[in-house]
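So the sequence shown is numbered by this note's numbering: it starts at 185 and just counts up by one. Written out below as structure tokens is the structure these notes cover.
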Amino acid sequence: MVAPQETESSAGPDLLHDPAVKDVLITEPQLQRRVRELAAQLSADYAGREPVLIGILRGSVVFLADLLRHVEGPVKIDFLAISSYVGGDSSGVVRLLKDLDLSITGEHVVLVEDIIDTGLTLNYVLRVLGTRNPASLEVCTLLNKPRARLIDRPLRYVGFEIPDSFVIGYGLDYNQRYRNLPYISMLKLP
Ligand code: IMP
Ligand code: MG
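In structure tokens:
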């Protein structure tokens, strides 16, 4: 692990000296390299098709934006909003706050997630999207916490497997903060 001060950061001095942001788990260059690899895999797997990347708001926006820039060929994006977490605790209660704007019937869909933890959110979203009869439906998650899993669903594309602890940055928040960190850090609460 690398201290935040040793990484290139555009997050500003407040977050860098925030005691909650302590141990960097995945650095900005590591993220960028892996995202390019995932995009290359997607580009190859969906060559000749026009996949729809569906981001789950808000955690996946940074990952989706970076991923999208490296996907070659035609591609569409859309967003869903889900509510499931208050603070660092999983209530297990999932609600659809915003539906897709596009129809995905007959489309090749890639669900883009920031992190799969218990799998409850993913399970809910896959069930909702599955009823719309997409031509295919796969999952691309930046982070996977396999040890926290309650419901297992196949994950076609995984950026990094991480330990079962709460992480922030690169889109992931704690009470809506820290999404702007350009790296993934462990959350250290006092
Ligand atoms: P699951 O339903 O337990 O798999 O939780 C998935 C969602 O919970 C993710 O999309 C995140 O929004 C949130 N989440 C789970 N673990 C973390 C974490 O370590 N940091 C920030 N958000 C998390
Ligand atoms: Mg999320």
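Backbone N, C-alpha and C define an ideal beta-carbon position, used for all residues, glycine too.
6 Å CB neighbourhood of residue i in its chain, flanking five on each side removed
i	result
V296	L237, G239, S244, L248, C324
V294	P235, L237, E322, C324
Y362	I352, G353
R218	G343
Cross-strand partners of residue i (DSSP beta bridge)
i	result
F263	G239
Y358	R361
G353	L356
Endpoints, beta strand (DSSP E) assigned at residue i
i	result
F344	341 to 345
V255	Taken as a continuous stretch (DSSP letters only), V255 belongs to no beta strand (DSSP E), as it is neither H nor E.
H201	From DSSP, H201 is part of no beta strand (DSSP E); its letter is neither H nor E.
Terminal residues of the alpha helix (DSSP H) in which residue i lies
i	result
N307	304 to 314
S227	212 to 229
Sequence-distant residues of the same chain with beta carbon closer than 8 Å to residue i, five excluded per side
i	result
K282	L241, F263, L264, A265
R220	H254
I261	V236, L237, I238, G239, L248, L252
Supposed close pair residue i, residue j - CB separation, criterion 8 Å
i	j	result
L278	T305	Residue identity differs from the one stated: residue 278 is Val in this sequence, not Leu. Yes, V278 and T305 are in contact; Cβ-Cβ is about 5 Å, under 8 Å.
A332	D301	5 Å
Sequence-distant residues of its chain with Cβ nearer than 7 Å to residue i (five each side left out)
i	result
I288	V236, L313, R316, P318
I210	F344, Y367, I368
*asked:* With three or more beta-carbon pairs closer than 8 Å as the criterion, would you say the stretch 218 to 233 touches the stretch 340 to 353?
replied: yes
*Between the stretch 325 to 335 and the stretch 348 to 361, are three or more C-beta pairs nearer than 8 Å?*
yes
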